[in-house]
Each structure stands twice: as C-alpha cells, then as structure tokens.
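Trainee: I have a structure I would like to understand better, so I am pasting it below and will then ask my questions one at a time.
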Amino acid sequence: MRHIRLFSWNVNGLRACSRKGFPEWLQQARPDVLALQEVRATPDQLDDTVRAPDGYRTHFHPAGRPGYSGVALYTAIEPRQVTLGGLGDPRLDGEGRLIIADYGDFLLYAGYFPNGGEDLSRVPYKLEFSEAVLQHAEAQRRAGRGIVICGDVNTAHEEIDLAHPKANRNNTGFLPEERAWLTRLIGHGYIDVFRERHPGEGGLYTWWSSRWGVRERNVGWRID
16 MRHIRLFSWN
26 VNGLRACSRK
36 GFPEWLQQAR
46 PDVLALQEVR
56 ATPDQLDDTV
66 RAPDGYRTHF
76 HPAGRPGYSG
86 VALYTAIEPR
96 QVTLGGLGDP
106 RLDGEGRLII
116 ADYGDFLLYA
126 GYFPNGGEDL
136 SRVPYKLEFS
146 EAVLQHAEAQ
156 RRAGRGIVIC
166 GDVNTAHEEI
176 DLAHPKANRN
186 NTGFLPEERA
196 WLTRLIGHGY
206 IDVFRERHPG
216 EGGLYTWWSS
226 RWGVRERNVG
236 WRID
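The opening position of the sequence shown corresponds to residue 16 in the working numbering, with each subsequent residue numbered one higher.
As structure tokens, then:
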C-alpha cells in the first residue's frame, strides 16, 4: 500500500464542530483516513456534507446512550472490512468507543478510550477496555497482521506529556496504573509515533481544560 495520511481528532461533538467549518476543513485537508472521537451524534443527526462527504466512505459507531461518546471513520481508501466495536463484550462495545478497519496491510484500531472520572470510579472500566484492545490487537499481530492504534487514549504517558505532572498524579489521565498500560503497550513493540518524531520536546499537547486562560498559557496534556 502507498503511504497514507491518517488523521485523528477528538471533535468534542461533531454537530457543533460541523457548524464551525468541519466540512470545509475536510475538503481542504483531504486526509486518506480520518478517525474521529467523541462524535456524540448518530448519522441521522448530521447534515449530508458531514454524514457522507464527497470522496469518503463513512462509518459511525455511536454509543447506546444518546449524546455520549461515539467514534467515526472517514476513509478515502476502501477497507476490506469495518467492525464497529469488535471486542466481544457488550459492556465494552456498547459505548461507541472503537472501530476496527482492515486495510489489508494493516488493521486500524480507531478508539476513544474511557475517562476514569473525577471520582476515579471509571478507572477499572477504562483499564478493562484498554487491555481488551491490546489483547485483540496482539492476537491479530501474532497472526501476522500489521497494527495501527490511534485515537484519544485519555492518558498522558510521561511527565513530559503534561504541563503539571506533580499536581495530577492522583487524577485520572495520569494515574500510575493508567500510565502503566501505555508502558505495556510500548513494551509489546508498539511505537509512540509522536514521541519518536519529537523526542524530549515538552509543551506539545492535544487537550486543554476549558477554564479561562488555560489554552493561552498552554497548560495542557498530550492524551491523543
């Protein structure tokens, strides 16, 4: 397969994002494959320019709960097969968090990994989901398949990946057990492509709180 341009984006609500120029951006950027997280909409709630834009096949995996979670895949390259969910457990597949696309040379796992919650009550679910993705991918890799995992993992791996690591050691997204899963992922031979290309560079983030001035001061996290 030729080189492909793969984009991943947590849109924080695709309906709102579409009103802010998503269709125009898509036609200008023209990624070969675009993985979206936190779509928070069903296909019938979207305009045609978003649901079925020119040049793309789209696949949506909404959550069972309306207005919550959800992932989507926009692909200009026809996959052999697309699986919505695929982990084999209704608890893990029911929140619209994973699409697996078979591109022949590789399998793409486009995921929106759970947030552990302010009270940390969802951390066990997050770890269970994360481990299920890894084990599914590893089974495919043992069968000789190439694997690409992308999306919002909702965890900063190392201290360099967030602005205030010490203040967040007891918060979800930077808990030792969450970070340990990413360490295990990399230990299996997976490559953090961003960190490989930007070794030792801090201040490069993908998420900022909506609190006033946080984005301007670059108080962020790299969780994607």
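Glycine residues also receive a C-beta, built at the ideal position from the N, C-alpha and C atoms.
Rounded to whole angstroms, what is the Cα-Cα separation between residue 182 and residue 46?
Mentor: Counting from one through the sequence shown, the residue named residue 182 turns up at place 167. Counting from one through the sequence shown, the residue named residue 46 turns up at place 31. In a straight line, the C-alpha of residue 182 is about 37 Å away from that of residue 46.
Trainee: Closer than 7 Å by C-beta to residue 140: which residues in its own chain qualify, once you throw out the five before and the five after it? Chain order, please.
Mentor: Along the sequence shown, one-based indexing puts residue 140 at 125. Contacts found: 129.
Trainee: What are the boundary residues of the alpha helix (DSSP H) that residue 145 is part of?
Mentor: One-based indexing of the sequence shown puts residue 145 at position 130. Start and end: 138-157.
Trainee: Could you check what DSSP says for residue 125 in three-state terms: helix, strand or coil?
Mentor: Mapped onto the sequence shown, residue 125 falls at position 110. Three-state result, residue 125: strand.
Trainee: What whole-angstrom Cβ distance do residue 113 and residue 102 have, given they're in contact under 8 Å?
Mentor: The residue labelled residue 113 in the question sits at position 98 within the sequence shown. The residue labelled residue 102 in the question sits at position 87 within the sequence shown. The C-beta distance from residue 113 to residue 102 rounds to 7 Å, short enough to fall under 8 Å.
Trainee: When you compare the region 46-59 with the region 184-192, are there three or more beta-carbon pairs, one atom per stretch, that lie closer than 8 Å?
Mentor: Too few Cβ pairs lie closer than 8 Å, so no.
Trainee: Out of 43, 30, 52 and 18, which has the shortest C-alpha to C-alpha gap to residue 169?
Mentor: The residue you call residue 169 lines up with position 154 of the sequence shown. Out of 43, 30, 52 and 18, the CA that lies nearest to the CA of residue 169 is found in 52.
Trainee: Starting from residue 65, trace the alpha helix (DSSP H) in both directions and tell me its first and last residue.
Mentor: Numbered from 1 along the sequence shown, position 50 holds the residue referred to as residue 65. Element bounds for residue 65: 63-66.
Trainee: From what residue to what residue does the beta strand (DSSP E) around residue 87 run?
Mentor: Here residue 87 refers to the residue found at position 72 when the sequence shown is read from its first residue. Residue 87: member of the beta strand (DSSP E) spanning 86-90, first to last residue.
Trainee: For residue 175, which residues of its own chain have a beta-carbon under 7 Å away from its beta-carbon, when the five flanking residues on both sides are left out?
Mentor: As a first step, residue 175 must be located in the sequence shown, where it is residue number 160. Hits under 7 Å: 217.
Trainee: What did DSSP end up calling residue 196 once you bin it into helix, strand or coil?
Mentor: Indexing the sequence shown from 1 puts residue 196 at position 181. Annotated three-state conformation of residue 196 is helix, per DSSP.
Trainee: Mapping the DSSP letters down to three states, classify residue 107 as helix, strand or coil.
Mentor: Here residue 107 corresponds to residue number 92 of the sequence shown, with the count starting at 1. In the structure shown, residue 107 sits in a helix (DSSP, three-state: H, G or I).
Trainee: Looking at residue 55: is its Cβ nearer than 8 Å to the Cβ of residue 88?
Mentor: Counting from 1 along the sequence shown, the entry for residue 55 is found at position 40. Counting from 1 along the sequence shown, the entry for residue 88 is found at position 73. It is not a contact, given that the beta carbons lie outside the stated cut-off.
Trainee: Residue 160 to residue 231, Cα distance in whole Å?
Mentor: On the sequence shown, position 145 is the one that residue 160 refers to. On the sequence shown, position 216 is the one that residue 231 refers to. Roughly 42 Å between the two C-alpha positions.
Trainee: Quick check: is the beta carbon of residue 182 nearer than 8 Å to any beta carbon in chain B?
Mentor: Chain labels in this structure do not include chain B; a single protein chain is all it has.
Trainee: Among 126, 158, 187 and 152, which has the Cα closest to the Cα of residue 134?
Mentor: Along the sequence shown, read from residue 1 onward, the residue named residue 134 stands at position 119. It is 187.
Trainee: Does DSSP classify residue 202 as helix, strand or coil?
Mentor: Stepping through the sequence shown from its first residue, residue 202 is reached at position 187. Note: residue 202 maps to helix in three-state DSSP.
Trainee: Can you check which of these residues, 38, 235 and 138, is closest to residue 227 by C-alpha distance?
Mentor: Mapped onto the sequence shown, residue 227 falls at position 212. For the residues 38, 235 and 138, the minimum Cα distance to residue 227 belongs to 235.
Trainee: I'd like to check one pair, residue 163 with residue 121: are the Cβ atoms closer than 8 Å?
Mentor: As a working mapping, residue 121 is identified with position 106 in the sequence shown. As a working mapping, residue 163 is identified with position 148 in the sequence shown. Their beta carbons are under 8 Å apart, which means residue 121 touches residue 163 by this criterion.
Trainee: Could you tell me which of 237, 125 and 185 sits nearest to residue 138, measuring between CA atoms?
Mentor: Along the sequence shown, one-based indexing puts residue 138 at 123. Ranking 237, 125 and 185 by Cα distance to residue 138 puts 185 first.
Trainee: Rounded to whole angstroms, how far is the Cβ of residue 147 from the Cβ of residue 238, which I believe are closer than 8 Å?
Mentor: Start at 1 with the first residue of the sequence shown, and residue 147 comes out as number 132. Start at 1 with the first residue of the sequence shown, and residue 238 comes out as number 223. In fact, because the Cβ distance is near 19 Å, the residues do not count as touching under 8 Å.
Trainee: Could you check the C-alpha separation between residue 73 and residue 90 for me, to the nearest Å?
Mentor: Your numbering for residue 73 matches position 58 in the sequence shown. Your numbering for residue 90 matches position 75 in the sequence shown. Their Cα atoms are separated by approximately 6 Å.
Trainee: For residue 21, collect the residues of the same chain with a Cβ closer than 6 Å to its Cβ; drop the 5 residues on either side in sequence, then sort them by chain order.
Mentor: Walking along the sequence shown from the start, residue 21 turns up at place 6. So the qualifying residues of the chain are 48.
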